[in-house]
Amino acid sequence: MSDRKQTILDAALPLFVAQGYAGTTMADIRKASGATTGSIYHFFKGKSGIATVLWQQANRAWLANTETLRTARTPQDMTTSTVRGLLEWATENRPLFLFFEDLRMRARSDPDLVLLRDEIATTHKEAAAIYGEWVKRGAVRDIPWPVASALIVGPAYDYLRKCAPADDHEEAIVLLCSQAWNAVRPTSEN
Numbered sequence: 395m396s397d398r399k400q401t402i403l404d405a406a407l408p409l410f411v412a413q414g415y416a417g418t419t420m421a422d423i424r425k426a427s428g429a430t431t432g433s434i435y436h437f438f439k440g441k442s443g444i445a446t447v448l449w450q451q452a453n454r455a456w457l458a459n460t461e462t463l464r465t466a467r468t469p470q471d472m473t474t475s476t477v478r479g480l481l482e483w484a485t486e487n488r489p490l491f492l493f494f495e496d497l498r499m500r501a502r503s504d505p506d507l508v509l510l511r512d513e514i515a516t517t518h519k520e521a522a523a524i525y526g527e528w529v530k531r532g533a534v535r536d537i538p539w540p541v542a543s544a545l546i547v548g549p550a551y552d553y554l555r556k557c558a559p560a561d562d563h564e565e566a567i568v569l570l571c572s573q574a575w576n577a578v579r580p581t582s583e584n
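My numbering puts the sequence shown at residues 395 to 584.
Dropping the structure here:
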């Protein structure tokens, strides 16, 4: 990625965090980045393009953190490492997480974020397929994916929206990871 493109992204993130996606204008981004309007549009479709790239960077960082935590590809390890990866990444990158979460919700209804909405939908389909395979093997509870997903990451998202940045998060992370697995582990393990 070019330095100029990253400079624009680096200037846009704090604006999106402080002012919200809707409250941030291209003029704000131009002024903060020192880039010309033409330069910004050379790299991005517009504000939604900048936001989408920032969201993709955040998502890749979460997934990379998750992969470094994985020790096996078992359902339990994948479930707990996904939750731990999210919690560790988000508590270490709170402004980026808050923006990530805002966009994740906004993408459901904002036509300018259709690319992001489609990317999220693809990710959920892939996760649902993996969970479905685990169900077939009897490795997890046979519950619909939307419910399983809510039980796995929902409490973590709720914690992240409510916790203070300076909190010691380790105890919460351990508990939330444990509860994520307990929510979906096969009933034969209870």
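By construction, the Cβ of each residue, glycine as well, lies at the ideal position given by its N, Cα and C atoms.
Along the chain, where does the alpha helix (DSSP H) containing residue i start, and where does it finish?
i, result
"N453", "441-463"
"N487", "Note, N487: premise wrong, no alpha helix (DSSP H); not H, not E."
Going by Cα to Cα distance, which pick from the options is closest to residue i?
i, options, result
"L407", "S396, I423, P469", "I423"
"H436", "A426, S396, V411, G414", "S396"
"Y415", "A522, A501, D536, A533", "A501"
"G532", "Y553, P580, E513", "P580"
"W539", "A515, Y551, T485", "A515"
"R498", "K399, E513, T418", "E513"
"E366", "E565, V447, A421", "This structure does not reach residue 366, given that the chain is present from 395 up to 584, and the question cannot be answered."
"V547", "G479, N487, A523", "G479"
"Y551", "E495, W456, D504, P489", "E495"
"L507", "G440, P549, A429", "G440"
So, residue i versus residue j, is the Cβ gap smaller than 7 Å?
i, j, result
"S442", "T460", "no"
"F493", "V568", "no"
"L570", "V477", "yes"
"S427", "T446", "no"
"T485", "H563", "yes"
"W456", "L510", "no"
"A452", "L490", "yes"
Validate contact between the stretch 518-537 and the stretch 556-568 using beta carbons, cut 8 Å, 3 pairs: As far as the Cβ criterion goes, the stretch 518-537 does not touch the stretch 556-568, which means the pair count is below three.
If we count Cβ pairs, one from each stretch, closer than 8 Å, do we get three or more for the stretch 456-467 versus the stretch 569-578? Cβ pair count under 8 Å is below three, so no.
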